[in-house]
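Enquirer: Before anything else, here's the structure in question.
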Amino acid sequence: MQDKDIKKAFEEIRLDPTRKDAIWEKIEASAGEKKVKSGHMHKWLVAASVAVCLLLSTVICDKISGGMVTQAASAAVETIKTILGINQGKQDVISIVSRNASLGTEVYAPDIMYIDDEVVVFGTSRGLIVMNKDDNTLLGIIDLQAIGSFYFTAETKATHVLCDGTRIVIYNTENEVPYGKYYVYELADADVKDWPHTEGGDPEKLAKYDSMYQNFVQNYVDTFDTFCEIGLGAIKLDPNDDRIKYSEVSLKWVDKDGRDCISTLYIVKDEGEAGFRLSTYYPKNNNVEEIAIVIPAIEGEEGEDVILPEFAYTGNDAALAAILTYQKENYVDAFYPDEDGIWVPAYVIFGRFERDGKLYVFGNFVDFTYVLNGNIFECISGGACPARYTLNITDEGYTVEEVLRAEDGNGYTESIKAFTEGFDGMYEALIAWGDEYKEKENEARMYFLKMYLDETTADIRYYKDYGWDPVEIK
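Just so it is clear: in the sequence shown, position 50 is 44 by our numbering, and no numbers are missing.
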């Protein structure tokens, strides 16, 4: 824990030196007691103890300080959260859509849902942005998560956005069959804070909207095939250039002068800065024009940065706790070092054998890291490794003595066979990757995610792997 940073934050609140030192002694004492646990897994517990100490200090000293202790406690707790937590950034629609230009989990830039001579509509699973493309005026925002229409890059479900220039219709399909409600937003009523809409569930209207959408999507063409030779404008389209992220598909349309147009969005990262650009190809003249798309912030509407804690095991299994701590500090930090990602395990334990003062634990040790996208925990990396943990049994609990993991490549099966020898059923369990195993992994994943959510106040409702449907955490 970074004690000097926390102390500095606290001292920036101007209190009488005597009172300030007395309160700080309580903070250091509380933090010091927790240090025996050490490690990344308990950083949030340390912060919590400091926060409790601060709150107790307000009860004792608030009258004497004239309310300044309350101010000090509030400021210090927020700083502690920033130091010890993992910043997920602002979670409003504009911030998340803009984040696509840098961190986002999407492989492509957002697709264009509609475009004409004045308006362009695009977005991600967080929400839709409606802008005047000529002067970068923000016309409207639609929060897709608020209406349950966030099925982008999913497997069986999809969210469809239909725009005819006067209204936007949003609905979902499952296995290409429309279901549930549809939501209608009139462009004339567009608003950046509270865009009024109507909704309904009439099956005939839903089928009509789906038929219209199926006709509309005929205007989409593959971006790479369209722009690979002529380029995106200022730069060439190079799939091997990781600075470039472009829409998977481009939209054909006709401008007011009757010219055929094909438009796409793309992003170029340059020295850490990124922004959207809109490229339009004119087939008749065989030329490309591009403009910058800058989404303006709405003052007072972007909210605060969301600071999430690291995962901390809160169960009663002392052996598993020892394994989690060891795995996080010696394996996960090395292989999944993403600074913005939050590690949550999904360990599947197949067997435990106690022999000669040692505990042998066999399992498939599955690790995931996530970033927050509104109310969705999006997986950005993950991996699994069958292994045998050998734990020493002591009066205080367990310590890790040895870890034997499956080797990569040709040595995979033989290495598992070697470290499971003499332990009935473990070899068969560790090499089984069928539906029965997957069900166990999903159960473990849900168990640890629910444990994590119990320790945070963030409104996280789903987890999602790229290309798969979101899964409700319950």
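Glycine residues also receive a C-beta, built at the ideal position from the N, C-alpha and C atoms.
(1) What does the Cβ neighbour count give for LYS250, buried or exposed, with the cut at 16 atoms within 10 Å?
(2) Determine, using beta carbons only, whether ILE141 and ILE162 come nearer to each other than 9 Å.
(3) Quick check: what's the CA-CA separation for THR393 versus PHE218?
(4) Rounded to whole angstroms, what is the Cα-Cα separation between ASP129 and GLU284?
(5) Go through its chain and collect everything with a Cβ distance to PRO256's Cβ below 6 Å, but skip five positions before and after it.
(6) Assuming TYR354 contacts THR384 (C-beta within less than 8 Å), just tell me the rounded distance between them.
(7) What residue range is occupied by the uninterrupted beta strand (DSSP E) comprising ILE88?
(8) Taking only three categories from DSSP, how would you classify GLU390?
(9) Distance check for ASN369 and LEU302, CA to CA, integer angstroms please.
(10) Does the beta-carbon of ASP236 have 16 or more other beta-carbons within 10 angstroms, so that it is buried, or is it exposed?
(11) From LYS411 to GLY79, what distance separates their C-alpha atoms?
(12) Relative to the C-alpha of LEU122, which residue among ILE88, ALA148, VAL113 is closest?
(13) DSSP three-state call for GLU396: helix, strand or coil?
(14) What ranges does the alpha helix (DSSP H) occupy inside the region 288 to 369, keeping only unbroken runs of at least 4 residues that lie completely in it?
(15) Check GLY377 in the structure and name its three-state DSSP category.
(16) Between TYR145 and ASN166, what straight-line distance do the alpha-carbon atoms span, to the nearest angstrom?
(17) Buried or exposed for ASP311, going by 16 or more other Cβ atoms inside 10 Å?
(18) Roughly how many angstroms separate the alpha carbons of ASP188 and LEU133, rounded to a whole number?
(19) Relative to the C-alpha of GLU180, which candidate in CYS157, GLY174, GLU170 has its C-alpha closest?
(20) Going by DSSP, which residues form a beta bridge with HIS154?
(21) Mapping DSSP to helix, strand and coil, what is LYS84?
(22) For LEU122, report the span of its beta strand (DSSP E) as first-last.
Expert: Let's see:
(1) exposed
(2) In this structure, ILE162 does not lie closer than 9 Å to ILE141 by Cβ.
(3) 54 Å
(4) 13 Å
(5) Residue identity differs from the one stated: residue 256 is Ile in this sequence, not Pro. Excluding sequence neighbours, ILE256 sits near THR220, SER244, LYS246, TYR275.
(6) 6 Å
(7) Where ILE88 is concerned, there is no enclosing beta strand (DSSP E), although the alpha helix (DSSP H) it sits in stretches over 87 to 93.
(8) coil
(9) 13 Å
(10) By the Cβ-count criterion, ASP236 is exposed, with fewer than 16 other Cβ atoms from all chains shown falling within 10 Å of its own Cβ.
(11) Here the alpha carbon of LYS411 sits roughly 41 Å from the alpha carbon of GLY79.
(12) For the residues ILE88, ALA148, VAL113, the minimum Cα distance to LEU122 belongs to ILE88.
(13) In the structure shown, GLU396 sits in a strand (DSSP, three-state: E or B).
(14) 312 to 321
(15) strand
(16) If you take the alpha carbons of TYR145 and ASN166, they lie about 8 Å apart.
(17) That one is exposed.
(18) Cα-Cα distance, rounded: 11 Å.
(19) The alpha carbon of GLU180 has as its nearest neighbour, out of CYS157, GLY174, GLU170, the alpha carbon of CYS157.
(20) Residue pairing by DSSP places HIS154 opposite TYR165 in a beta bridge.
(21) coil
(22) 121 to 126
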